[in-house]
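Trainee: Protein chains in written order, with the working numbering: chain A, 569 to 825; chain B, 569 to 825.
All C-beta atoms in this analysis are idealised placements derived from N, C-alpha and C, irrespective of residue type, glycine included.
A quick note: this is a predicted structure, and the numbers were derived from the prediction, not measured.
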DNA sequence: CGATGTTATTAACCTGTGTTAATGCTCGGA
DNA sequence: TCCGAGCATTAACACAGGTTAATAACATCG
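#1: Return the residue from the list B:723, B:677 and B:582 that minimises the CA-CA distance to residue 603 of chain B.
#2: So, does the CB of residue 579 of chain B fall closer than 8 Å to a CB anywhere in chain A?
#3: What I want to know is whether the C-beta of residue 670 of chain B ends up closer than 7 Å to one or more non-hydrogen atoms of the ligand ATP.
#4: Would you check if the distance between the CB atom of residue 592 of chain B and the CB atom of residue 690 of chain B is smaller than 8 Å?
#5: Does any residue of chain A bring its CB to less than 8 Å from the CB of residue 646 of chain B?
#6: In the DSSP assignment, find the unbroken alpha helix (DSSP H) run with residue 688 of chain B in it and report its ends.
#7: Check distances from the C-beta atoms of the segment 620-639 of chain B to those of chain A and list, in chain order, the residues that come in under 7 Å.
#8: When you compare the CB positions of residue 668 of chain A and residue 618 of chain A, do they come within less than 8 Å of one another, or not?
#9: So that I know if they touch, is there some Cβ in chain B lying closer than 8 Å to that of residue 596 of chain A?
#10: Quick one: what's residue 624 of chain A bridged to in DSSP?
#11: Have a look at residue 790 of chain B and residue 779 of chain B and give me their C-alpha separation to the nearest angstrom.
#12: Strictly under 8 Å for the Cβ-Cβ distance: is residue 804 of chain A near chain B by that measure?
#13: Give a yes or no on whether the C-beta atoms belonging to residue 761 of chain A and residue 717 of chain B are separated by under 8 Å.
#14: For residue 634 of chain B, does the three-state DSSP call read helix, strand or coil?
#15: Does the beta-carbon of residue 638 of chain B have 16 or more other beta-carbons within 10 angstroms, so that it is buried, or is it exposed?
#16: Can the beta-carbon of residue 798 of chain B be found closer than 8 Å to that of residue 747 of chain B?
#17: Please identify the residue among B:630, B:601 and B:625 whose C-alpha is closest to the C-alpha of residue 610 of chain B.
#18: Hey, residue 601 of chain B and residue 671 of chain B are a contact pair by Cβ (cut 8 Å); roughly how many whole angstroms apart?
#19: Going by alpha carbons, who is nearest to residue 575 of chain A out of A:605, A:785, A:598 and A:640?
#20: Assuming residue 596 of chain A contacts residue 693 of chain A under a Cβ cut-off of 8 Å, what Cβ separation, rounded to an integer in Å, is found between them?
#21: Should residue 714 of chain B be labelled buried (16 or more other beta-carbon atoms within 10 Å of its own) or exposed?
#22: Strictly below 8 Å CB to CB, what residues from chain A border residue 715 of chain B?
#23: Name, please, each residue of chain B whose Cβ falls closer than 9 Å to the Cβ of residue 799 of chain A.
#24: Alpha carbon to alpha carbon, how far is residue 650 of chain B from residue 579 of chain B? Give it in angstroms, no decimals.
#25: Could you check if residue 695 of chain A is buried or exposed, using at least 16 other CB atoms within 10 Å of its CB as the buried criterion?
#26: Taking all protein chains shown into account, do 16 or more other C-beta atoms lie within 10 angstroms of the C-beta of residue 754 of chain B, making it buried, or fewer, making it exposed?
#27: Mapping DSSP to helix, strand and coil, what is residue 585 of chain A?
#28: Quick check on residue 608 of chain A: buried or exposed, where buried means 16 or more other Cβ atoms within 10 Å of its Cβ?
#29: Are the C-beta of residue 709 of chain A and some C-beta of chain B separated by less than 8 Å?
#30: Got a sec? Which residues, its chain only, sit under 6 Å from residue 757 of chain B by beta carbon, not counting five neighbours each side?
#31: Since residue 786 of chain B sits in a beta bridge, which residues does DSSP pair it with?
#32: Where does residue 645 of chain B sit, in a helix, a strand or coil, going by DSSP?
#33: Are the beta-carbon atoms of residue 697 of chain B and residue 794 of chain B separated by less than 8 Å?
#34: Between the alpha carbons of residue 606 of chain B and residue 732 of chain B, how many angstroms are there, rounded?
#35: Report yes or no: is there a C-beta of chain A within less than 8 Å of the C-beta of residue 591 of chain B?
#36: In whole angstroms, give me the CA-to-CA distance for residue 807 of chain B and residue 616 of chain B.
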């Protein structure tokens, strides 16, 4: 299996849960449809529509977001390269939120039939999909806590920690930092602050020597300090290979669910 | 099948997704373990622990919540009578949040084996479980939008609309209102406001004649007005029986996942 | 039925973040 | 090379909501 293919990063991410066999990797590769390229602020799928497959971000950056009738917007999740959006889409009639790119992105789609095929023939892969879903939910809960309880500074710091660790998990981070192709106003919609206050907050993070953002990327100067400020505990990302432990509990459930 | 048994309300709720056969209902009833009674602020399961089954709230009121190291707390979800907490618990090693009662509650547990049995023999029931999970997630996304973008007044109003509709879905609401056995300080931790400001906000909602809270219950004076103020659109609760439509898409996936 | 703790209410004051608006950057396109 | 449009940055000011603290209303329980 070549080291760099379309869904190389997805595989890399899933392997944070459990190692995949050659056969499973092949199955994933075969599932991938053609790649589509999107520009910088295009919708992959809109609120109210019905999804027809599972999209995988090959490269770029995307998000889920919801808008209130009067235009206020909240970004409720980021999609990094290797992320899937999303496996549960088959059951509910309509999307209750919109998914859009935040940067030029390549996206491949695992068609519905391919996903069905994988989930009926590859229980371990299925379990990895499920794990991925659960991690996504855990991230959502963290965002709720952040927005509800953390100060502006902590909130931005926490988001940066999360993005950095998630980028690491797919090998897209260096010790110095990682890409974060997002404008300040998009950051504002993410952490529920005004654009102006995001700017002030970034300035402060720079001043105290923790992180800085330049030309759409994150430069980490003091990861330990950033973590401490954010009270960041990466446990919720479940990145320490729980596959083996899981096996004992989930085999039957996953096969049948 | 008797009209009022332990998991009567769970069944009632699941039937918002699709009607269940007599056989499926029996299977659910047989799955239910003994009832446990909890007092008012007891933990059902704590962050870091591993869950051993699916708990169903028979009566009472509970919540998921997370605490920051310094004591700030965010409630990230409510469990009403009939709610399950929660079906996905089998896969991840540890809970990333705590579940506690907010009022005296009776809780029954579907043991792991019983859930496995149901999910392997009753695909439609399985699908209903899944639907339930997806609705829970959609609720989480709404809370994120609320806390991120809505004002205090809108936030509280939106929460009240949601609770009222969810209580209706299990037959626990009257045209006048429903129970909401939660203190103002717990409300504060829910909507991410201070206790004092929750009090101010309730006063204002009372003053304009929309809702009032007295002795742990919600008295709705003007539902239309409340909805309008909150910009509440119940669509995300997916309560209009999507079962039939779903069947076409999800059968294979659900059987195998 | 009073003692005690919890919850609700209110007032006065404070602050973190929002708003508005002006200025300056940066980068892709003609 | 210059233009234009979106971004970033900053300052001045406004306000929603937080904090503190005091009191009042309820429960619960001997």
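Mentor: With the structure as the only source:
#1: Walking along the second chain from the start, residue 603 of chain B turns up at place 35. Checking every option, the nearest Cα to that of residue 603 of chain B belongs to B:677.
#2: If you number the second chain from 1, residue 579 of chain B lands on position 11. It does not: the Cβ of residue 579 of chain B has no partner Cβ on chain A nearer than 8 Å.
#3: This structure does not include the ligand ATP; it has no bound ligands of any sort.
#4: Within the second chain, residue 592 of chain B is the residue found at index 24, counting from 1. Within the second chain, residue 690 of chain B is the residue found at index 122, counting from 1. Closer than 8 Å, so yes.
#5: Taking the first residue of the second chain as position 1, residue 646 of chain B is located at position 78. No, its Cβ sits nowhere closer than 8 Å to a Cβ of chain A.
#6: The count along the second chain starts at 1 and reaches residue 688 of chain B at position 120. It spans 680-689 - the alpha helix (DSSP H) in which residue 688 of chain B sits, taken as one unbroken run.
#7: 634, 636 and 637
#8: Here residue 668 of chain A refers to the residue found at position 100 when the first chain is read from its first residue. Here residue 618 of chain A refers to the residue found at position 50 when the first chain is read from its first residue. Contact flag unset, no.
#9: On the first chain, position 28 is the one that residue 596 of chain A refers to. Taking Cβ atoms only, chain B never reaches closer than 8 Å to residue 596 of chain A, which makes this a no.
#10: Counted from its first residue, the first chain places residue 624 of chain A at position 56. In DSSP, residue 624 of chain A forms a bridge with A:652 and A:676.
#11: Indexing the second chain from 1 puts residue 790 of chain B at position 222. Indexing the second chain from 1 puts residue 779 of chain B at position 211. For residue 790 of chain B and residue 779 of chain B, the distance between alpha carbons rounds to 7 Å.
#12: Indexing the first chain from 1 puts residue 804 of chain A at position 236. True, the Cβ-Cβ gap to chain B drops below 8 Å.
#13: As a first step, residue 761 of chain A is located in the first chain; it is residue number 193 there, counting from the start. As a first step, residue 717 of chain B is located in the second chain; it is residue number 149 there, counting from the start. It is not a contact, given that the beta carbons lie outside the stated cut-off.
#14: Locating residue 634 of chain B in the second chain gives position 66, where the first residue counts as 1. Three-state result, residue 634 of chain B: strand.
#15: On the second chain, position 70 is the one that residue 638 of chain B refers to. Exposed, because fewer than 16 other Cβ atoms sit within 10 Å of the Cβ of residue 638 of chain B.
#16: On the second chain, residue 798 of chain B is found 230 positions in, with the first residue counted as 1. On the second chain, residue 747 of chain B is found 179 positions in, with the first residue counted as 1. Not in contact: residue 798 of chain B and residue 747 of chain B (Cβ atoms no closer than 8 Å).
#17: In the second chain, counting from the first residue as 1, residue 610 of chain B sits at position 42. Closest by alpha carbon: B:630.
#18: Counted from its first residue, the second chain places residue 601 of chain B at position 33. Counted from its first residue, the second chain places residue 671 of chain B at position 103. Wrong, their Cβ atoms sit about 21 Å apart, outside the cutoff.
#19: By 1-based counting over the first chain, the position of residue 575 of chain A is 7. Cα-wise, what sits closest to residue 575 of chain A is A:598.
#20: Along the first chain, read from residue 1 onward, the residue named residue 596 of chain A stands at position 28. Along the first chain, read from residue 1 onward, the residue named residue 693 of chain A stands at position 125. Rounded, the Cβ-Cβ distance is 7 Å, consistent with contact.
#21: Working through the second chain from its first residue, we reach residue 714 of chain B at position 146. Buried: at least 16 other Cβ atoms inside 10 Å.
#22: What you label residue 715 of chain B is simply residue 147 of the second chain in a count that begins at 1. Simply 712, 715, 716 and 760.
#23: Indexing the first chain from 1 puts residue 799 of chain A at position 231. Correct list: 636, 637 and 638.
#24: The residue you call residue 579 of chain B lines up with position 11 of the second chain. The residue you call residue 650 of chain B lines up with position 82 of the second chain. Residue 579 of chain B and residue 650 of chain B: Cα-Cα distance of roughly 8 Å.
#25: Position 127 of the first chain holds residue 695 of chain A. Flag for residue 695 of chain A reads buried.
#26: As a first step, residue 754 of chain B must be located in the second chain, where it is residue number 186. Result: buried.
#27: Here residue 585 of chain A refers to the residue found at position 17 of the first chain. Looking at residue 585 of chain A - three-state DSSP - the assignment turns out to be coil, as it is neither helix nor strand.
#28: Here residue 608 of chain A refers to the residue found at position 40 when the first chain is read from its first residue. Per the 10 Å Cβ criterion, exposed.
#29: Stepping through the first chain from its first residue, residue 709 of chain A is reached at position 141. Closer than 8 Å: yes.
#30: Numbered from 1 along the second chain, position 189 holds the residue referred to as residue 757 of chain B. Around residue 757 of chain B: 641 and 643.
#31: Your numbering for residue 786 of chain B matches position 218 in the second chain. The partner list for residue 786 of chain B (beta bridge, DSSP) reads B:746 and B:781.
#32: As a working note, residue 645 of chain B is residue 77 in the second chain. Correct three-state label for residue 645 of chain B: strand.
#33: As a working mapping, residue 697 of chain B is identified with position 129 in the second chain. As a working mapping, residue 794 of chain B is identified with position 226 in the second chain. Their beta carbons are not under 8 Å apart, which means residue 697 of chain B does not touch residue 794 of chain B by this criterion.
#34: As a first step, residue 606 of chain B is located in the second chain; it is residue number 38 there, counting from the start. As a first step, residue 732 of chain B is located in the second chain; it is residue number 164 there, counting from the start. Near 24 Å, if we compare the C-alpha coordinates of residue 732 of chain B and residue 606 of chain B.
#35: For the purposes of this step, residue 591 of chain B is identified with residue 23 of the second chain, where counting begins at 1. For residue 591 of chain B, the answer is no, since every Cβ of chain A falls outside 8 Å of its Cβ.
#36: The residue you call residue 807 of chain B lines up with position 239 of the second chain. The residue you call residue 616 of chain B lines up with position 48 of the second chain. Taking the straight line joining both Cα atoms gives about 33 Å.
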